[in-house]
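Chemist:
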Amino acid sequence: MLKLHGFSVSNYYNMVKLALLEKGLPFEEVTFYGGQAPKALEVSPRGKVPVLETEHGFISETSVILDYIEQTQGGKALLPADPFQQAKVRELLKEIELYIELPARTCYAESFFAWR
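Residue numbers for the sequence shown follow this note's numbering, beginning at 115 and rising by one.
(1) Ends of the alpha helix (DSSP H) at SER174?
(2) Can you list, in chain order, the residues of its chain whose CB lies under 6 Å from that of LEU132, leaving out five sequence neighbours each side?
(3) Is the beta carbon of PHE146 less than 8 Å from the beta carbon of PHE121?
(4) Cα separation between TYR182 and LYS153?
(5) Tell me VAL165's beta-bridge partners as DSSP assigns them.
(6) Between which two residues does the alpha helix (DSSP H) containing PHE198 stretch?
(7) Is it the case that the Cβ atoms of LEU118 and VAL130 are separated by a distance below 8 Å?
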């Protein structure tokens, strides 16, 4: 069974989780905050989330994980069959990542971790 390592505040984690749910795949969620501790680096080479654990090992980086899921798992297709339409979906994802999600990160620390 696939295991998704990460935490629910991460938009990247939620992108992978949504893909798994959309495809109707069974998976286990493993709370993982990443970091530079040796144990974390065994799971994620850069200490980042999300990480997908497969029967073959760990995969990191959201777009790589999404491609892996689409190429290796059954269920509903995440991308249209037409190559141009696939490119348009990927274009939209990249725009959201670069121009919405990354700028919004400046608010994360105060919004989610101010209690620390």
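Note that beta-carbon positions come from the ideal geometry of N, C-alpha and C, so glycine has one too. Computed from a predicted structure; not experimentally measured.
Modeler: Walking through what the data contain:
(1) Mapped onto the sequence shown, residue 174 falls at position 60. Element bounds for SER174: not the alpha helix (DSSP H) but the beta strand (DSSP E), 171-174.
(2) Along the sequence shown, one-based indexing puts residue 132 at 18. Result list for LEU132: empty, nothing under 6 Å.
(3) Looking up residue 146 in the sequence shown gives position 32. Looking up residue 121 in the sequence shown gives position 7. Their beta carbons are under 8 Å apart, which means PHE146 touches PHE121 by this criterion.
(4) Stepping through the sequence shown from its first residue, residue 182 is reached at position 68. Stepping through the sequence shown from its first residue, residue 153 is reached at position 39. One C-alpha to the other measures close to 24 Å.
(5) Counted from its first residue, the sequence shown places residue 165 at position 51. DSSP output for VAL165 lists HIS119, SER174 as bridge partner(s).
(6) As a first step, residue 198 is located in the sequence shown; it is residue number 84 there, counting from the start. From DSSP, the alpha helix (DSSP H) with PHE198 extends over 197-210.
(7) As a position in the sequence shown, residue 118 is number 4, starting the count at 1. As a position in the sequence shown, residue 130 is number 16, starting the count at 1. Their beta carbons are under 8 Å apart, which means LEU118 touches VAL130 by this criterion.
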